[in-house]
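*Asks:* All letters in the sequence shown, in the order written, are residues 1 to 146 by UniProt numbering.
For glycine and all other residues, C-beta sits at the position ideal for the given N, C-alpha and C.
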Amino acid sequence: MQNTSAQEEQAVKFFREIKNDLGANSTQKIVKLVRAVLSQLRKSLSHDQASLFIKKMPSIFQLLFVTNWRYEEKANTIEHLDELVESLYHQDKQSSGALFSSEVDALNSVIVVLRKLDKFFGIIGLNVLHYPLTQELKQAAVEDAA
């Protein structure tokens, strides 16, 4: 595991890149966004998968991942990007201080966050996400490059 200062530097770069990619003004909003995405991902993982995910992530992301986790909560089956976005968007609509202006905004934000999580921490290589979701993320990356 990396030392604490290297983890902190990596986390700062991670949040800065997301903030720049989304054109956001508030780092606090970006942290909430990442926490929301991680929370939805967590809900789709088995306890073993969640444990593996936690072990591979730096401490700040471990905290964001487990925030408000009820260990006995039933896992959602999220196999596709649209299911993840829909679940996240509807949860956001029910909360105060909405993160997303539209479902398209939620889609764009989720893609950016997941791609940065993969770039910095290799989440696709952990093999905890459902195969269709990983394929859709790879396809989104190809479309962005074109």
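Is DSSP giving Phe14 helix, strand or coil here?
*Replies:* helix
*Asks:* So is Glu136 buried or exposed if we call it buried at 16+ other beta carbons inside 10 Å?
*Replies:* buried
*Asks:* In three-state DSSP terms, what is Ala98?
*Replies:* coil
*Asks:* Is it buried or exposed, Arg115, if we count other Cβ atoms within 10 angstroms and call 16 or more buried?
*Replies:* When all chains shown are included, Arg115 counts as buried.
*Asks:* In whole angstroms, what is the alpha-carbon distance linking Thr77 and Leu84?
*Replies:* 9 angstroms
*Asks:* Would DSSP call Gly122 helix, strand or coil?
*Replies:* Reduced to three states, the DSSP call for Gly122 is coil.
*Asks:* Cα separation between residue 178 and Phe14?
*Replies:* Look at the range of the chain in this structure, 1 to 146, and you will see that residue 178 is not part of it.
*Asks:* Tell me which residues share the same chain as His80 and place their Cβ nearer than 8 angstroms to its Cβ, disregarding the 5 neighbours each side in the sequence.
*Replies:* His130, Pro132, Leu133 and Glu136
*Asks:* Given a cut-off of 8 angstroms on the beta-carbon distance, is the pair Phe100 and Ser87 in contact?
*Replies:* no
*Asks:* Would the beta-carbon of Val34 fall within 8 angstroms of that of Val113?
*Replies:* Yes, they are a contact pair.
*Asks:* Note down the Cα distance separating Ile54 from Asp21, rounded to an integer number of angstroms.
*Replies:* 25 angstroms
*Asks:* Do you know whose CA, among Asp82, Gln10, Ile60 and Phe120, lies nearest Lys32's CA?
*Replies:* Ile60
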